[in-house]
Amino acid sequence: MTEQTANIGIPVISARQSDSPTRRRIRAVTHNPMAMAGLAIIIFWSVVAIFSGVIAPYDPLAQNVEDRLAAPSAQHLFGTDELGRDEFSRVIYGSRISLPVGLLVIVFAMVVGSLIGASAGYVGGIYDLLIMRVADITLAFPPIVLALAIAAVLGPSLNNALIAMIVVWWPEFSRLMRGQVLSVKNNEYVAAATIIGISRTQILFKHILPNTFAPILVKASLDAGSVILTIAAMSFIGLGVVPPTPEWGSMVSSGRFVFYSWWLTTFPGLAIMTVVLGFNFFGDGVRDAFDPRMLGS
Amino acid sequence: MTNQILPSSNLLRVNGLVKHFPIYKGFIFQKQVGAVHAVDNVSFDVKRGETLGLVGESGCGKSTTGRTILQFYRPDAGHVYMEDVDLVSLKGEDLRKMRRKMQMIFQDPYASLNPRMTVGEIIAEPLLAHHLADRKEAIEKVGSLLHLVGLNPAYYHRYPHEFSGGQRQRVGVARALSLEPSLIVCDEPISALDVSIQAQVVNLLEDLQAQFNLTYIFIAHDLSMVRHISDRVAVMYLGVIMELTDREELYTHPLHPYTQALLSAVPIPDPKKERRRQRIILQGDVPSPVNPPSGCRFRTRCPLAAPICAEQAPEFREIATDHHVACHMV
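Protein chains in written order, with our numbering: chain A, 124 to 420; chain B, 274 to 603.
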């Protein structure tokens with residue numbers, strides 16, 4: 124609608140899309156060097172994961188027993204492991220597990236958890252009470268212990284580890300989302316929507332949920348690092364990714380048996396560290412952007 | 274009573290309206306330990322095209338009355354007849370359809386607009402929700418509504434935070450008007466605004482009333498503003514209407530001791546008269562609405578209180594023509 128005439132004869136000029144809060148927040152993230160550094164790390168590892176086949180010099184599964192436990196050299200940048208596999212290639216391919224797994228768990232836990240939490244907060248009553256007690260019970264366990272127990276019952280495989288992680292993670296999002304909905308639904312503009320005659324479902328999706336996402340997104344970006352770390356820990360114990368698939372956690376785990384080959388634990392460990400730091404830096408930046416004190420600047 | 278034919282001059286008829294907010298104790302096995310008696314047995318009529326002022330101290334139930342009339346809070350007892358339809362008996366979709374006829378302007382223009390919607394979307398939403406316009410028509414209608422309330426139609430794409438309080442309140446007025454309601458409950462629409470802006474918004478409300486034959490229930494605690502805008506005024510105290518009559522009658526011949534005390538607090542803009550102004554200072558605080566006094570609610574602070582006031586709640590009687598008072602002593 125660029126040049127339209129309203130029925131009173133006043134031209135409706137300019138469709139200037141003004142500076143919405145969302146835009147200001149995006150700018151706050153892009154102007155934050157730490158957040159941008161975090162984003163750069165995430166993008167770097169995503170590129171590595173996508174182009175693993177091109178970057179890795181060797182097949183990550185190819186064994187070369189003659190060259191086993193070789194120290195880092197020009198031929199094997201990160202050395203080789205106890206089966207003579209190229210550690211550099213394995214770290215590169217490992218990103219194909221850790222990044223998608225982290226994102227998958229976070230997205231599923233966020234969507235499922237938020238929907239459950241939002242409905243509990245909006246509907247209230249007995250339904251809310253039951254849902255929240257289930258969430259409390261889940262939250263009462265240390266996440267890694269519960270995830271291990273579930274994965275152990277289901278059997279060791281990547282899929283089961285994912286299911287276990289989602290089961291462990293949803294209550295965190297539910298609790299947060301429920302609190303958000305409880306506070307937002309008491310706003311005057313929700314009352315206004317009721318009085319206007321907007322239906323209950325529409326109020327939830329149009330007036331309540333869009334105003335609850337900020338802390339959920341912050342939590343998601345902050346938690347992505349922890350999820351990757353937990354998956355690594357589960358693989359380290361042997362309940363996540365099964366060998367011979369290269370995964371950073373299990374690589375650190377197998378490296379600790381050969382004490383003098385420091386490169387076997389150091390490089391996958393550094394990979395985990397950088398990814399987790401990347402997500403945390405970015406998450407911090409997102410959180411700052413949603414800080415109300417940042418607005419208005 | 275339900276089938277009583279109403280005189281056509283009455284747009285709204287409120288009969289014995291009661292709203293209590295329960296107080297619960299306990300965690301899983303909740304039990305009700307009391308209730309806030311926010312509105313207790315309130316009855317009044319509102320004539321088509323008039324402005325009924327509703328005044329009283331903070332927490333006396335003015336806003337709750339307004340919101341209960343609009344069925345935002347469902348009443349615990351009583352009836353609200355809007356154009357002969359009992360709103361209390363309506364539910365779900367029937368009630369939603371009736372909401373077209375009655376709208377509200379909110380006190381806080383900062384809290385009553387969804388920060389994530391543009392001004393245009395906010396004003397168009399009621400039209401779309403009631404299928405009164407398609408998207409294109411709605412945009413045009415919003416343009417004329419913005420113009421009507423004194424805003425530039427080009428503001429369609431702006432967000433509420435880009436506006437001042439007075440402008441936001443105009444957006445709230447445009448939203449209420451978009452459904453072309455017959456009744457608008459104005460819930461302290463000016464008390465959050467600067468004094469310089471208050472008059473503008475009040476004048477806007479008056480112009481719109483004249484133009485569209487609107488009926489207002491004007492909730493406020495600013496007595497001089499209520500005197501300016503209202504045709505009739507109801508005085509509330511602790512969930513009960515104490516006095517209801519014409520504006521001039523109320524301000525010149527207040528009968529209820531509470532009304533007298535309330536009006537004696539209004540300053541007079543004339544230093545000589547102001548010096549001679551007799552003020553009635555009430556003792557003590559407003560009692561808790563959880564446990565209101567027996568009989569007359571005002572008796573604990575009333576200068577005229579007699580034994581009967583504690584035993585029996587005074588009837589809301591018509592003392593003179595169109596002058597209703599709830600007091601044993603009048």
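Beta carbons: idealized from backbone N, C-alpha and C, even for Gly. All values derive from a computational prediction rather than experimental measurement.
What residues in its chain sit with their C-beta under 6 angstroms from that of residue i, if we drop five residues either side in the sequence?
i              : result
A316 (chain A) : I326, H330
C575 (chain B) : P530
L478 (chain B) : none
T337 (chain B) : K292, A311, V312
Y245 (chain A) : V304, L327
R600 (chain B) : Residue identity check: residue 600 (chain B) is Cys in the sequence provided, not Arg. Taken in chain order, the residues that qualify are H529, P587.
Answer yes or no: does any C-beta atom of chain B fall closer than 7 angstroms to that of residue i?
i              : result
G132 (chain A) : Below a pLDDT of 50, predicted positions are generally treated as unreliable, and G132 (chain A), at 46, falls in that range; the measurement from the model is reported next regardless. No, G132 (chain A) does not count as interfacial toward chain B.
G361 (chain A) : no
H199 (chain A) : no
H330 (chain A) : yes
State yes or no: is the beta carbon of residue i nearer than 7 angstroms to at least one beta carbon in chain A?
i              : result
P295 (chain B) : no
Q277 (chain B) : Only weak support is given to the placement of Q277 (chain B): the predicted model assigns it a pLDDT of 47, under 50, and the value that follows is read from those uncertain coordinates. With 7 angstroms as the cut-off, Q277 (chain B) does not count as an interface residue toward chain A.
N387 (chain B) : yes
H596 (chain B) : no
P399 (chain B) : yes
D381 (chain B) : yes
A586 (chain B) : no
R443 (chain B) : no
M377 (chain B) : yes
A579 (chain B) : no
M274 (chain B) : Per-residue confidence for M274 (chain B) stands at a pLDDT of 42, beneath the threshold of 50, marking its modelled position as unreliable; the derived number appears in the next sentence. No, its Cβ sits nowhere closer than 7 angstroms to a Cβ of chain A.
A384 (chain B) : yes
R372 (chain B) : yes
R549 (chain B) : no
R369 (chain B) : yes
Please tell me whether residue i and residue j are closer than 7 angstroms, where the distance is taken between their beta carbons.
i              : j              : result
L290 (chain B) : G339 (chain B) : no
V177 (chain A) : I215 (chain A) : no
V559 (chain B) : G307 (chain B) : no
M288 (chain A) : V230 (chain A) : no
Q585 (chain B) : G568 (chain B) : yes
I165 (chain A) : G401 (chain A) : yes
Y429 (chain B) : G393 (chain B) : yes
A507 (chain B) : V499 (chain B) : no
I286 (chain A) : A356 (chain A) : no
V434 (chain B) : L517 (chain B) : Note on residue identity: the sequence assigns His, not Val, to residue 434 (chain B). No. Outside cutoff.
V399 (chain A) : L352 (chain A) : yes
L456 (chain B) : M371 (chain B) : no
L393 (chain A) : P279 (chain A) : no
Q343 (chain A) : W292 (chain A) : In the sequence as presented, Gln is not what sits at residue 343 (chain A); that position holds Ala. No; because the gap between Cβ atoms is not below 7 angstroms, this pair is not in contact.
Which residues in the same chain as residue i place their Cβ atom closer than 8 angstroms to its Cβ, once the five residues preceding and following it in sequence are excluded?
i              : result
V313 (chain A) : V307, I326, H330, I331
S417 (chain B) : P426
G445 (chain B) : I378, F379, P382, S385, L386, P462
V361 (chain B) : Q344, R347, P348, G351, H352, V353
V474 (chain B) : G439, Q442, R443, V446, P462, I463, L466
F413 (chain A) : R148, A337, P338, L340, V341
L262 (chain A) : P294, E295, R298
I296 (chain B) : Q305, V306, G307, A308, V309, V563
In chain order, what residues of the same chain lie with their CB nearer than 7 angstroms to the CB of residue i, ignoring the 5 residues before and after it?
i              : result
L279 (chain B) : Because the pLDDT at L279 (chain B) is just 46, under 50, the model does not fix this residue reliably, and the value given afterwards should be weighed accordingly. The answer, listed in chain order, is R286, Y354, D357.
G132 (chain A) : Confidence in G132 (chain A) is poor, its pLDDT being 46 and thus under 50, which makes the residue's placement unreliable; the coordinate value appears in the next sentence. Correct list: empty, nothing qualifies.
Strictly by DSSP, which residues pair up with residue i?
i              : result
E516 (chain B) : B:V508, B:V598
C459 (chain B) : B:I378, B:F491
R590 (chain B) : B:V598
Q473 (chain B) : Per DSSP, none; premise fails for Q473 (chain B).
Y432 (chain B) : DSSP output for Y432 (chain B) lists no bridge partner at all.
T324 (chain B) : B:Y489
G307 (chain B) : B:I296
N283 (chain B) : B:K320
M355 (chain B) : B:L285, B:V358
Hey, would you say the C-beta of residue i is under 6 angstroms away from at least one heavy atom of the ligand NAP?
i              : result
A538 (chain B) : Of the ligands one can find in the structure shown there are none, so the ligand NAP has no counterpart to examine.
Which residues, taken in chain order from the stretch 307-324 of chain A, show a beta carbon closer than 8 angstroms to some beta carbon of chain B?
Answer set for the stretch 307-324 of chain A: N310, E311, Y312, A314, A315, A316, T317, I318, I319, G320, I321, S322.
Going along the chain, which residues of the stretch 334-359 of chain A sit with their C-beta nearer than 9 angstroms to a C-beta in chain B?
Listed by position, the residues of the stretch 334-359 of chain A near chain B (Cβ gap below 9 angstroms) are N334.
What are the residues in the stretch 324-352 of chain B lying within 7 angstroms of chain A by C-beta distance?
Correct list: L343, F345.
Could you name the residues of the stretch 520-544 of chain B whose beta carbon sits closer than 7 angstroms to any beta carbon of chain A, in the order they occur along the chain?
If the cut-off is 7 angstroms between Cβ atoms, the stretch 520-544 of chain B has nothing near chain A.
Going along the stretch 394-420 of chain B in order, which residues come within less than 7 angstroms of chain A, judged by CB to CB distance?
So the list reads E398, P399, A402, H403, I412, E413, G416, S417, H420, given in the order they occur along the chain.
Tell me which residues of the stretch 309-324 of chain B have at least one Cβ-Cβ distance to chain A shorter than 7 angstroms, keeping chain order.
Result list empty, no residue passes.
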